[in-house]
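Data block below; observations after.
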Amino acid sequence: MIRRGISGLTRQPGLGNLQAMSKAFGAELPTAATGFHTTHWTLVLAARDKDSAAAREALASLCSTYWYPLYAFIRRQGASPHEAEDLTQEFFFRFLERHALGSVQPAAGKFRSFLLTCLKNFLANERERAQAQRRGGGRAIISLDADEAETRYSLEPADSLTPEAVFERRWAFAVLERTMRELRREYAADEKSELFEQLQGFLPNGHGHISRAELAAQRGASVGAIDVAVHRLRQRFGDLLREQVARTVSSEAEVEEEIRHLIAVLGA
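Oh and the sequence shown: position 52 is 299 in the working numbering, straight run, nothing missing.
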């Protein structure tokens with residue numbers, strides 16, 4: 248099993264030039280600041296302070312959340328597991344370790360689309376450099392469990408989904424998983440972990456195997472009380488999902504559009 252961690256980095260290169268980054272990845276960078284609340288764009292701004300622990304935490308969070316959709320995209324393009332692992336690491340090395348986004352400002356645009364565009368251009372450049380030194384020079388940027396990655400990839404639909412479609416589905420699942428982790432954390436903080444485990448099957452697309460009446464009997468509560476608990480859980484799930492989606496876009500106007508997109512992707 249191969250585990251590589253961002254915490255093991257020992258040096259912090261200077262901030263990369265914005266125009267150089269744009270040429271390297273072939274993508275248009277956001278440049279105009281907006282009044283929107285904290286998003287992944289504004290988290291990336293923390294990378295300007297190369298000595299900030301908060302900056303490193305923000306970068307690590309983005310990497311750990313979104314590495315698998317990128318890995319799955321690369322695998323669906325025909326790369327072997329080892330090649331996909333190396334390419335994913337090298338992509339994040341260029342994207343983060345060199346602080347290529349250090350001068351980025353939040354603006355209109357979806358982080359999901361931007362990241363995929365950057366990856367496509369990176370892969371095109373890599374094909375031209377196929378005979379160069381070993382990808383990444385052995386530098387580890389993110390915590391990537393190769394065994395876990397292949398286990399997850401083996402569960403991908405064995406159909407004609409394009410690499411882009413695989414990426415979109417994995418991105419949608421990553422957002423949902425992050426939402427569920429936050430919801431579970433909140434219930435645990437209120438010492439309601441057991442209640443959460445009992446109720447989560449009633450969430451959209453949940454796979455509960457117990458009725459509300461049966462759960463009420465187990466908990467010694469009324470069915471009405473269970474109905475209220477389920478309603479509150481679903482409402483909070485919706486709020487947290489919206490918050491997660493809002494972090495991946497750059498304006499309030501894009502939130503509903505992105506949620507509809509995720510729903511469509513998951514329903515495809």
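Where a beta carbon is used, it is the ideal one built from N, C-alpha and C, also for glycine.
Ends of the alpha helix (DSSP H) at P410? Here residue 410 refers to the residue found at position 163 of the sequence shown. P410 to A436 is the span of the alpha helix (DSSP H), which, as asked, contains P410.
Roughly how many angstroms separate the alpha carbons of G514 and V413, rounded to a whole number? Within the sequence shown, residue 514 is the residue found at index 267, counting from 1. Within the sequence shown, residue 413 is the residue found at index 166, counting from 1. Computed Cα separation, rounded: 13 Å.
Alpha carbon to alpha carbon, how far is F361 from V496? In the sequence shown, counting from the first residue as 1, residue 361 sits at position 114. In the sequence shown, counting from the first residue as 1, residue 496 sits at position 249. Rounded to whole angstroms, F361 to V496 spans 10 Å at the Cα level.
In whole angstroms, what separates the C-alpha of F339 from that of C310? Here residue 339 is taken as the residue at index 92 of the sequence shown, counted from 1. Here residue 310 is taken as the residue at index 63 of the sequence shown, counted from 1. Spanning the two alpha carbons is a distance of roughly 8 Å.
Give me the Cβ distance between A595 and V470, rounded to the nearest whole Å; I'm assuming they're in contact under 8 Å. Coverage of the chain is limited to positions 248 through 515, which leaves residue 595 absent and any answer about it impossible.
Is it right to say Q336 is buried, meaning 16 or more other beta carbons lie within 10 angstroms of its own, or is it exposed? Along the sequence shown, one-based indexing puts residue 336 at 89. Result: buried.
Count the other CB atoms within 10 Å of the CB of E275; is the residue buried (16 or more) or exposed (fewer)? Mapped onto the sequence shown, residue 275 falls at position 28. Confidence in E275 is poor, its pLDDT being 40 and thus under 50, which makes the residue's placement unreliable; the coordinate value appears in the next sentence. Exposed is the call here.
Have a look at S458 and A326 and give me their C-alpha separation to the nearest angstrom. Working through the sequence shown from its first residue, we reach residue 458 at position 211. Working through the sequence shown from its first residue, we reach residue 326 at position 79. Cα-Cα distance, rounded: 45 Å.
Give a yes or no on whether the minimum CB-CB distance between V502 and chain B is below 8 Å. Considering every chain present, this structure includes no chain B. It has just one protein chain.
Does the separation of the CB atoms of R341 and F320 fall below 8 Å? The count along the sequence shown starts at 1 and reaches residue 341 at position 94. The count along the sequence shown starts at 1 and reaches residue 320 at position 73. Cβ distance not < 8 Å, so R341 and F320 don't count as in contact.
Taking Cβ positions, are F443 and V477 nearer each other than 8 Å? In the sequence shown, residue 443 corresponds to position 196, counting from 1. In the sequence shown, residue 477 corresponds to position 230, counting from 1. Not closer than 8 Å, so no.
Contact defined as beta carbons within less than 8 Å: I believe A419 pairs with L509. What is the distance between those atoms, to the nearest angstrom? Taking the first residue of the sequence shown as position 1, residue 419 is located at position 172. Taking the first residue of the sequence shown as position 1, residue 509 is located at position 262. About 4 Å; that satisfies the 8 Å criterion.
When you compare the CB positions of R481 and T312, do they come within less than 8 Å of one another, or not? In the sequence shown, residue 481 corresponds to position 234, counting from 1. In the sequence shown, residue 312 corresponds to position 65, counting from 1. Judged by beta-carbon spacing, T312 lies beyond the 8 Å limit of R481, meaning their Cβ atoms are not closer than that value.
Using the three-state DSSP reduction, which class does Q324 fall into: helix, strand or coil? Counted from its first residue, the sequence shown places residue 324 at position 77. Residue state, collapsed to three classes: coil.
If we count the other Cβ atoms within 10 Å of its Cβ and call it buried at 16 or more, is Q491 buried or exposed? By one-based count along the sequence shown, residue 491 stands at place 244. If you draw a 10 Å sphere on the C-beta of Q491, you find 16 or more other C-beta atoms in it, and that means buried.
C-alpha gap between H456 and V502, whole angstroms: The residue labelled residue 456 in the question sits at position 209 within the sequence shown. The residue labelled residue 502 in the question sits at position 255 within the sequence shown. In a straight line, the C-alpha of H456 is about 33 Å away from that of V502.
If the criterion is Cβ atoms closer than 8 Å, does the pair E397 and P328 meet it? One-based indexing of the sequence shown puts residue 397 at position 150. One-based indexing of the sequence shown puts residue 328 at position 81. In contact: E397 and P328 (Cβ atoms closer than 8 Å).
Evaluate A493 with the Cβ neighbour count: other Cβ atoms within 10 Å of its Cβ, from every protein chain shown; 16 or more gives buried, anything less gives exposed. Your numbering for residue 493 matches position 246 in the sequence shown. Counting Cβ neighbours within 10 Å, A493 comes out buried, since at least 16 surround it.
Where does the unbroken alpha helix (DSSP H) through S440 begin, and where does it stop? Residue 440 sits at position 193 when you count from the first residue of the sequence shown. Membership of S440 in the alpha helix (DSSP H) is indicated by the continuous run S440 to L446.
So G453 packs on Q447, CB below 8 Å; how close in whole Å? Stepping through the sequence shown from its first residue, residue 453 is reached at position 206. Stepping through the sequence shown from its first residue, residue 447 is reached at position 200. Separation of the CB atoms of G453 and Q447 is rounded to 6 Å, and the pair is thereby assigned contact status at 8 Å.
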